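*Asks:* Handing you this structure, nothing more for now.
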Amino acid sequence: MDKFREECGVFGIYRHPEAANLTYLGLYALQHRGQESVGIATSDGQRLRMHKAMGHVADAFDEAGIASLAGTSAVGHVRYSTSGESGLKNAQPILIDCSHGEIAICHNGNLVNAQELRDALVAEGSIFQTSSDTEVLLHLYARSRAATPEQAIVESISQAQGAFSLVLLTKDRLIAVRDPHGFRPLTLGRLGDAYIVCSETCALDLIDAEWIRDIKPGEVFIAGPDGERSVFPFPPAPSAHCVFEHVYFSRPDSYVFGKSVNEVRTEFGRRLAVEQPVPADVVVPIPDSGVCAAIGYAEKAGLPLQMGLIRNHYVGRTFIEPHQAIRHFGVRVKLNPVRSILQGRRVVLIDDSIVRGTTSRKIVRMVRAAGASEVHLRISCPPTISPCFYGIDTPKRSELIAATHEVDEIRRYIGADSLGYLSLEGLLGAVGDGRASYCTSCYTGRYPVAFPRNEAAYLQLALKLTE
Ligand code: SF4
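With the first letter of the sequence shown counted as 1, position 245 gets the number 303 in the numbering used here; the numbers rise by one all the way through.
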């Protein structure tokens with residue numbers, strides 16, 4: 059489907075006899091954040107062990123594999139490639155041994171100055187094993203002359219700019235770090251005596267752990283034999299939580315940036331109904347991502363909500379296409395219209411975003427072909443006009459339909475009777491913390507953290523940086 063791609067999910071646990079097993083389950087709950095590779099590293103207090111594989115969590119580990127990961131602490135990662143090509147060598151955790159001892163790192167986000175740091179390290183003789191931005195941090199760590207591993211971690215991460223929610227494992231410590239802007243989520247929980255750090259609270263729910271609080275922007279949380287503590291070694295920076303976590307990425311049953319994703323997403327829909335009303339007979343979500351906003355829209359508009367599109371949850375990566383032409387085949391493999399709901403009705407379709415517009419066009423055509431008398435598309439966020447440099451895989455700006463087309467031009471391309479987006483004010487009103495707390499760069503083109511010159515070409519249009 060034509061979507062921004064989820065980035066990565068991280069999970070860490072300290073002091074639990076079933077550390078590997080619970081990490082496996084935590085990653086299972088975070089699978090929506092990355093489906094290309096998965097890995098777990100554990101520590102038994104003396105040495106680290108690791109297993110990584112391509113594919114989904116359930117396929118990558120079996121009982122014997124989990125049992126081989128001995129130890130009471132673990133970190134794990136699900137990945138969709140955001141920096142560096144995909145492949146097992148770029149899968150995480152990345153584990154190294156150096157003068158500070160063994161360390162495994164899991165990263166969610168993207169370092170905007172990784173290439174500059176890497177170039178400088180290579181010029182001084184460093185040899186890289188991966189093309190991932192995360193490995194840069196390990197080289198800086200290994201070269202640090204700081205007295206303790208903790209100080210070396212802080213010293214190395216201080217040189218990084220951009221988005222990073224990290225979990226790190228040494229032989230006797232679990233360390234969690236969140237960048238000072240707080241781009242990506244990272245939350246702290248507890249299960250008995252064990253501490254857990256993970257991307258979303260849905261991972262805590264699956265293992266019956268209790269949510270404590272979010273790791274704060276700029277916080278370094280350390281759990282070790284001498285207890286738990288936090289330090290704030292980085293200069294403070296303006297808050298820039300990724301608003302797209304609420305729009306699309308995070309699971310609706312999670313709490314992200316202190317708020318229920320379901321509640322925020324439903325409120326997007328309510329505000330969309332107020333801002334973009336249309337006479338209609340039925341509200342139909344584009345599943346699964348449009349469901350919460352559609353509930354809010356239908357509630358506010360006083361219209362019935364019906365599942366006029368059914369999603370096939372079991373679509374594999376590849377399927378054998380028929381030689382014979384089948385109308386709407388590409389999209390129908392994933393979504394099928396329910397004729398009894400759509401026929402002769404004025405339909406409001408609700409989706410979370412339009413990226414290139416290609417899939418929206420196919421869905422609108424399919425709904426019309428199923429008998430809808432009118433198709434009105436409503437989008438629960440503003441037009442997406444700029445790519446992301448903070449850990450989300452997005453197309454170039456020139457490929458984003460809203461970057462180069464007015465709303466009515468998009469409507470005509472998509473073939474809808476009307477098209478309406480939620481305004482930026484509506485979006486920020488629904489998340490509730492005000493414009494200052496959130497990154498909205500993909501809707502505004504104003505970036506809170508500058509990125510390297512060689513990536514500016516990615517925009518292909520003039521760039522504005524926030525002062
Ligand atoms: S640019 Fe968009 S997707 Fe990227 S961090 Fe900002 S809000 Fe999130």
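Virtual Cβ for every residue (Gly too), placed ideally from N, Cα, C.
Please read all numbers here as calculations on a predicted model, not as lab measurements.
(1) Which one of Gly103, Gln104, Tyr82 has the shortest CA to CA distance from Gly97?
(2) For a test of the three-state rule: what should DSSP assign to Ala78, helix, strand or coil?
(3) Which whole-angstrom value describes the C-beta separation of Ala494 and Ser297, a residue pair presumed to lie in contact below a C-beta threshold of 8 Å?
(4) Would you list, in sequence order, the uninterrupted alpha helix (DSSP H) runs of no fewer than 4 residues that lie entirely inside the stretch 205 to 283?
(5) Tell me whether His74 is buried or exposed, calling it buried when 16 or more other Cβ atoms sit within 10 Å of its Cβ.
(6) Going by the C-beta, is Phe186 closer than 7 Å to any heavy atom of the ligand SF4?
(7) So does the stretch 337 to 344 actually touch the stretch 291 to 306, counting three or more Cβ pairs closer than 8 Å?
(8) In the DSSP assignment, what are the bridge partners of Val301?
(9) Where does Asp410 sit, in a helix, a strand or coil, going by DSSP?
(10) Pop quiz: Pro352 and Phe279 are said to be a contact at Cβ under 8 Å. What is the actual Cβ separation, rounded to whole angstroms?
(11) Do the stretch 411 to 427 and the stretch 455 to 474 make contact, defined as three or more Cβ pairs closer than 8 Å?
(12) Quick one: Cα of Tyr306 to Cα of Tyr479, how far?
(13) By how many angstroms is the C-alpha of Leu482 removed from the C-alpha of Phe326?
(14) In terms of residue numbering, what span does the beta strand (DSSP E) encompassing Ser190 cover?
(15) Reducing DSSP to helix, strand and coil, say where Arg394 ends up.
(16) Where Gln150 and Val413 are concerned, what is the direct C-alpha to C-alpha distance, given to the nearest angstrom?
(17) DSSP state of Asn166, grouped into three classes?
(18) If you draw a straight line from the C-alpha of Ala382 to the C-alpha of Ala267, how long is it?
(19) Could you tell me the alpha carbon to alpha carbon distance between Arg328 and Pro207, rounded to whole angstroms?
(20) Give a yes or no on contact between the stretch 279 to 293 and the stretch 456 to 467, applying the rule of three or more CB pairs nearer than 8 Å.
(21) The ligand SF4: which residues have Cβ under 5 Å from any of its heavy atoms, chain order?
(22) Put Leu88 into one of helix, strand or coil per three-state DSSP.
(23) Leaving aside the five residues before and after Ile270 along the sequence, list all residues of the same chain whose C-beta is less than 7 Å from its C-beta, in chain order.
(24) Can you grab the Cα-Cα spacing for the pair Gly84 / Gln173, in whole Å?
(25) Going by alpha carbons, who is nearest to Asp120 out of Ser131, Gly103, Asn79?
(26) What's the C-alpha gap between Gly354 and Lys229?
(27) Just to check my reading of the structure: His165 and Thr192 have Cβ atoms closer than 8 Å, yes? What is that Cβ distance to the nearest angstrom?
(28) Would the stretch 439 to 449 and the stretch 399 to 407 be scored as touching if the rule is three or more Cβ pairs under 8 Å?
(29) Which one of Val332, Ala427, Pro380 has the shortest CA to CA distance from Pro395?
(30) Which class does Glu157 belong to by DSSP, given the choice of helix, strand or coil?
(31) Quick check on Met112: does DSSP put it in helix, strand or coil?
(32) How about Cys300 and Ala87: are their beta carbons less than 8 Å apart?
(33) In the stretch 416 to 457, which residue ranges form an unbroken alpha helix (DSSP H) of at least 4 residues, counting only runs that do not cross its ends?
(34) In chain order, what residues of the same chain have a beta carbon less than 8 Å from the beta carbon of Phe387, not counting five sequence neighbours either side?
(35) CA-CA distance, Ser216 and Val332?
(36) Considering only C-alpha positions, which residue in the set Asp102, Asp251, Ile124 is nearest to His109?
*Replies:* The structure says:
(1) When each option's Cα is compared against that of Gly97, the closest is Tyr82.
(2) Three-state DSSP puts Ala78 in a helix.
(3) 7 Å
(4) 207 to 215, 259 to 264
(5) buried
(6) no
(7) no
(8) For Val301, which the question treats as bridged, DSSP gives no partner whatsoever.
(9) coil
(10) Residue identity check: residue 352 is Ala in the sequence provided, not Pro. Not quite, the Cβ-Cβ distance comes to about 38 Å (not below 8 Å), so this is no contact.
(11) yes
(12) Cα to Cα, the separation comes out at about 15 Å.
(13) 11 Å
(14) Unbroken run through Ser190: none, as it is neither H nor E.
(15) It is Asn, not Arg, that sits at residue 394 in the sequence shown. Of the three classes helix, strand and coil, the one that applies to Asn394 here is strand, per DSSP.
(16) 28 Å
(17) strand
(18) According to the sequence shown, residue 382 is Gln rather than Ala. Near 51 Å, if we compare the C-alpha coordinates of Ala267 and Gln382.
(19) 49 Å
(20) no
(21) Look at which beta carbons fall closer than 5 Å to any heavy atom of the ligand SF4; those residues are Cys300, Val301, Phe302, Cys446, Tyr448, Ile450, Cys497, Ser499, Cys500.
(22) Leu88 falls in the coil class under three-state DSSP.
(23) Leu246, Gly247, Arg248
(24) 31 Å
(25) Asn79
(26) 48 Å
(27) 4 Å
(28) no
(29) Ala427
(30) For the sequence presented, residue 157 should be read as Ser rather than Glu. Three-state result, Ser157: coil.
(31) strand
(32) no
(33) Every alpha helix (DSSP H) stretch that sits fully inside the stretch 416 to 457 and reaches 4 residues is listed by chain position as 416 to 427.
(34) Glu379, Pro380
(35) 45 Å
(36) Ile124
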